[in-house]
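*Asks:* First the structure, which I've put down as structure tokens, then a few questions once you've had a look.
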Amino acid sequence: LSEEQIRDSLLQQLHLSEVPVLDKAAMEELVIPAHVRAQYVALLQRSHRVLSRGK
Amino acid sequence: RFSQKFQEVAGRLLASEASRHLLVFGMEQRLPPDSELVQAVLRLFQEPVPRAALRRQERLFPRSARARVTVEWLRVRDDGANRTSLIDSRLVSLHDSGWKAFDVTEAVSLWQQLSRPRQPLLLQVSVQREHLGPLASEAHRLVRFASQAAGGSGPREPQLELHTLDLKAYGAQGDCDTEAPATEGTLCCRQELYIDLQGMKWAENWVLEPPGFLAYECVGSCQQSQESLPFQWPFLGPRQCIASETASLPLIVSIQEGGRARPHVVSLPNMRVQKCSCASDGAPVPRELAP
Numbered sequence: 001l002s003e004e005q006i007r008d009s010l011l012q013q014l015h016l017s018e019v020p021v022l023d024k025a026a027m028e029e030l031v032i033p034a035h036v037r038a039q040y041v042a043l044l045q046r047s048h049r050v051l052s053r054g055k
Numbered sequence: 056r057f058s059q060k061f062q063e064v065a066g067r068l069l070a071s072e073a074s075r076h077l078l079v080f081g082m083e084q085r086l087p088p089d090s091e092l093v094q095a096v097l098r099l100f101q102e103p104v105p106r107a108a109l110r111r112q113e114r115l116f117p118r119s120a121r122a123r124v125t126v127e128w129l130r131v132r133d134d135g136a137n138r139t140s141l142i143d144s145r146l147v148s149l150h151d152s153g154w155k156a157f158d159v160t161e162a163v164s165l166w167q168q169l170s171r172p173r174q175p176l177l178l179q180v181s182v183q184r185e186h187l188g189p190l191a192s193e194a195h196r197l198v199r200f201a202s203q204a205a206g207g208s209g210p211r212e213p214q215l216e217l218h219t220l221d222l223k224a225y226g227a228q229g230d231c232d233t234e235a236p237a238t239e240g241t242l243c244c245r246q247e248l249y250i251d252l253q254g255m256k257w258a259e260n261w262v263l264e265p266p267g268f269l270a271y272e273c274v275g276s277c278q279q280s281q282e283s284l285p286f287q288w289p290f291l292g293p294r295q296c297i298a299s300e301t302a303s304l305p306l307i308v309s310i311q312e313g314g315r316a317r318p319h320v321v322s323l324p325n326m327r328v329q330k331c332s333c334a335s336d337g338a339p340v341p342r343e344l345a346p
């Protein structure tokens, strides 16, 4: 799994042609809302459940 | 005939008069748990046709002395309905006799995917006319395969030959030994591989979570089978150590929307290796069975 493969997969998932240029100052102020974090955690847990269940 | 759009077409039904045999193989314990099926061969003994019958057939139908033999896997569904899958079909000559081999690997692979307790393996063998039509040959009536002798096993009864590989020697070895680094002689295993997203320049300010993840990779070599199989699959490559099961990776990324950045959850498929296996490129892949 290379760095390029991860980047290309992410671009494909977001339907983007190139990596977006984001303002660093704006990013530092960005807060992840609770519902977004909950969605992320749920996906993480689901993929770990698949992992522990095996084939 | 019920459609307004098409003109009615009259047809004639030409009976195929197939003869059908159902072969039942009790398969439990035939395939050891730590083994991989490489090939399954059904062997049927074609009985010789009596000379007089052969001469009569040649006189009546001088052009065709062949019949079509079809092998299907028969599955009895939970609701009692029968479902057949075509496994092999070929023409056999009336002049032939002796053992005929059919590649039934797909049937056994499909049977292995049934939920337990599994029904026996059911193979339906039918002998049909080569062609349909008023002047079609009757050769199919003369093609006969030896069946199981009553009360015991005969030398010519149908046989199912299973070629397997012991996965302890020929399969992947689970997770690699973290103490010993993988070398050329290492057998196929899953090795830890940490992907540091924070260290990637392009991910800066874009990927918010996670800072990195354990992706794993498949390393090492696979032992090659030296056995000469009855059916040589032309496109089958060597056994290679590959990721046979993968999991997705959720990420929180920032996306630009209406002039401002907003966190967004995205899931990237096949980013983490769950299982490594030794597999040949070109080998039949077991399919998901519909209920």
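Here the protein sequences come in this chain order: A and B. Note that the working numbering has the first sequence beginning at 1, numbered continuously upward. Note that the working numbering has the second sequence beginning at 56, numbered continuously upward. We put the beta carbon where it would ideally sit given N, CA and C, even for glycine.
1. Of all the beta strand (DSSP E) runs that stay within the bounds of the region 183 to 255 of chain B, which reach a length of 3 or more residues?
2. Just list the alpha helix (DSSP H) runs in the region 148 to 186 of chain B, keeping only unbroken ones of 4 residues or longer that don't cross its boundaries, in chain order.
3. Buried or exposed: where does residue 233 of chain B fall if 16 or more other Cβ atoms within 10 Å of its Cβ makes it buried?
4. Are there three or more Cβ pairs, one per stretch, closer than 8 Å when the region 235 to 249 of chain B is compared with the region 13 to 31 of chain A?
5. Which residue wins for smallest C-alpha separation from residue 289 of chain B, given the options B:336, B:263, B:300?
6. Can you tell me where the alpha helix (DSSP H) holding residue 78 of chain B begins and where it ends?
7. Residues in the same chain with beta-carbon distance under 6 Å from residue 104 of chain B, minus the five sequence neighbours each way, listed in chain order, please.
8. Could you give the DSSP three-state label for residue 6 of chain A: helix, strand or coil?
9. Would a C-beta distance cut-off of 8 Å place residue 124 of chain B and residue 163 of chain B closer than the cut-off?
10. Quick check: the region 38 to 50 of chain A against the region 283 to 297 of chain B, are at least 3 beta-carbon pairs closer than 8 Å?
11. If you measure beta-carbon to beta-carbon, which residues of the region 300 to 318 of chain B are closer than 9 Å to chain A?
12. Can the beta-carbon of residue 84 of chain B be found less than 8 Å from the beta-carbon of residue 218 of chain B?
13. Going by C-alpha distance, which of B:130, B:126, B:113 is nearest residue 158 of chain B?
14. Out of B:129, B:110, B:302, B:263, point me to the one whose CA is closest to residue 76 of chain B's CA.
15. May I ask you to check if the CB of residue 158 of chain B is nearer than 7 Å to at least one heavy atom of the ligand COA?
16. Using a Cβ cut-off of 7 Å, pull out every chain A residue sitting near residue 322 of chain B, in sequence order please.
17. Which residues in the same chain as residue 214 of chain B place their Cβ atom closer than 7 Å to its Cβ, once the five residues preceding and following it in sequence are excluded?
18. Would the beta-carbon of residue 306 of chain B fall within 8 Å of that of residue 321 of chain B?
19. Between the region 249 to 271 of chain B and chain A, which residues of the former have a C-beta closer than 7 Å to a C-beta of the latter?
20. Between residue 9 of chain A and chain B, is the shortest Cβ-Cβ distance under 8 Å, so that the two count as touching?
21. Just the Cα atoms here: how many angstroms apart are residue 87 of chain B and residue 131 of chain B?
22. Specify the secondary structure class of residue 257 of chain B as computed by DSSP and reduced to three states.
23. Closer than 8 Å, CB to CB, is residue 55 of chain A near chain B or not?
24. Does residue 302 of chain B come out as helix, strand or coil in the three-state DSSP assignment?
25. Quick check on residue 26 of chain A - is its C-beta less than 8 Å from some C-beta in chain B?
26. In this structure, does DSSP put residue 25 of chain A in helix, strand or coil?
27. Compute the distance between the beta-carbons of residue 153 of chain B and residue 101 of chain B, then report whether it is under 8 Å.
28. Could you tell me which of B:115, B:250, B:272 sits nearest to residue 237 of chain B, measuring between CA atoms?
29. Take residue 7 of chain A and list the residues in its own chain whose beta-carbon comes closer than 8 Å to its own, dropping the five residues that flank it on each side.
30. What first and last residue would you give for the beta strand (DSSP E) that runs through residue 317 of chain B?
31. Using the beta-carbon of each residue, which ones in chain B are nearer than 9 Å to residue 47 of chain A?
32. Alpha carbon to alpha carbon, how far is residue 120 of chain B from residue 188 of chain B?
*Replies:* If we stick to the structure as given:
1. Listed in chain order, the beta strand (DSSP E) elements of length 3 or more contained wholly in the region 183 to 255 of chain B are 214 to 221, 244 to 246, 249 to 251.
2. The DSSP assignment places 160 to 167 as complete runs of the alpha helix (DSSP H) inside the region 148 to 186 of chain B, in order along the chain (cut-off: 4 residues).
3. Residue 233 of chain B sits at position 178 when you count from the first residue of the second sequence. By the 10 Å Cβ count, residue 233 of chain B comes out exposed.
4. A contact between stretches requires three or more CB pairs, one per stretch, nearer than 8 Å, and the region 235 to 249 of chain B fails this requirement with the region 13 to 31 of chain A.
5. Numbered from 1 along the second sequence, position 234 holds the residue referred to as residue 289 of chain B. It is B:336.
6. In the second sequence, the residue the question calls residue 78 of chain B occupies position 23. Following the DSSP letters along the chain, one finds residue 78 of chain B in no alpha helix (DSSP H) but inside the beta strand (DSSP E) bounded by residues 74 to 80.
7. Along the second sequence, read from residue 1 onward, the residue named residue 104 of chain B stands at position 49. 149, 197.
8. As a position in the first sequence, residue 6 of chain A is number 6, starting the count at 1. Residue 6 of chain A falls in the helix class under three-state DSSP.
9. Counting from 1 along the second sequence, the entry for residue 124 of chain B is found at position 69. Counting from 1 along the second sequence, the entry for residue 163 of chain B is found at position 108. Contact flag unset, no.
10. Output reads no: the region 38 to 50 of chain A does not touch the region 283 to 297 of chain B.
11. Correct list: 300, 302, 303, 304, 305, 306, 307, 308, 309, 310, 311, 315, 316, 317, 318.
12. For the purposes of this step, residue 84 of chain B is taken as the residue at position 29 of the second sequence. For the purposes of this step, residue 218 of chain B is taken as the residue at position 163 of the second sequence. No, these two residues do not count as a Cβ contact at 8 Å.
13. As a working mapping, residue 158 of chain B is identified with position 103 in the second sequence. Minimum Cα distance to residue 158 of chain B is reached at B:126.
14. Position 21 of the second sequence, counted from the first residue, corresponds to residue 76 of chain B. Taking residue 76 of chain B as reference, the option from B:129, B:110, B:302, B:263 with the minimal CA-CA separation is B:129.
15. With respect to the ligand COA, the structure offers nothing, as it holds no ligand at all.
16. The count along the second sequence starts at 1 and reaches residue 322 of chain B at position 267. Neighbours of residue 322 of chain B on chain A, chain order: 43.
17. As a working note, residue 214 of chain B is residue 159 in the second sequence. 98, listed in sequence order.
18. Along the second sequence, read from residue 1 onward, the residue named residue 306 of chain B stands at position 251. Along the second sequence, read from residue 1 onward, the residue named residue 321 of chain B stands at position 266. Taking 8 Å as the cut-off, the Cβ atoms of residue 306 of chain B and residue 321 of chain B count as close.
19. Within the region 249 to 271 of chain B, 250, 255, 257, 260, 261, 263, 264, 270 place their CB atoms closer than 7 Å to a CB of chain A, listed in sequence order.
20. Numbered from its first residue, the first sequence carries residue 9 of chain A at position 9. Taking Cβ atoms only, chain B reaches closer than 8 Å to residue 9 of chain A, which makes this a yes.
21. Along the second sequence, read from residue 1 onward, the residue named residue 87 of chain B stands at position 32. Along the second sequence, read from residue 1 onward, the residue named residue 131 of chain B stands at position 76. Each residue's Cα considered, the two are about 24 Å apart.
22. The sequence position of residue 257 of chain B within the second sequence is 202, counting from 1. It is helical.
23. In the first sequence, counting from the first residue as 1, residue 55 of chain A sits at position 55. Its pLDDT being 39, under 50, residue 55 of chain A is placed unreliably by the model, and the measurement read from it follows with that caveat. Chain B has a Cβ within less than 8 Å of the Cβ of residue 55 of chain A.
24. Position 247 of the second sequence holds residue 302 of chain B. In this structure, residue 302 of chain B counts as strand in the three-state DSSP scheme.
25. The sequence position of residue 26 of chain A within the first sequence is 26, counting from 1. At a cut-off of 8 Å, the C-beta of residue 26 of chain A has a neighbouring C-beta in chain B.
26. Residue numbering aside, residue 25 of chain A sits at position 25 when the first sequence is read from its first letter. Collapsing the DSSP output to three states places residue 25 of chain A in a helix.
27. Residue numbering aside, residue 153 of chain B sits at position 98 when the second sequence is read from its first letter. Residue numbering aside, residue 101 of chain B sits at position 46 when the second sequence is read from its first letter. The Cβ atoms of residue 153 of chain B and residue 101 of chain B sit closer than 8 Å to each other.
28. Translated into the one-based positions of the second sequence, residue 237 of chain B becomes position 182. Of the residues B:115, B:250, B:272, the one whose Cα lies closest to the Cα of residue 237 of chain B is B:272.
29. The residue given as residue 7 of chain A occupies position 7 in the first sequence. Around residue 7 of chain A: 19.
30. On the second sequence, residue 317 of chain B is found 262 positions in, with the first residue counted as 1. Start and end: 315 to 335.
31. In the first sequence, the residue the question calls residue 47 of chain A occupies position 47. Chain B residues near residue 47 of chain A: 302, 303, 304, 305, 322, 327.
32. Locating residue 120 of chain B in the second sequence gives position 65, counting from the first residue. Locating residue 188 of chain B in the second sequence gives position 133, counting from the first residue. Pairing residue 120 of chain B with residue 188 of chain B, the inter-Cα distance amounts to about 15 Å.
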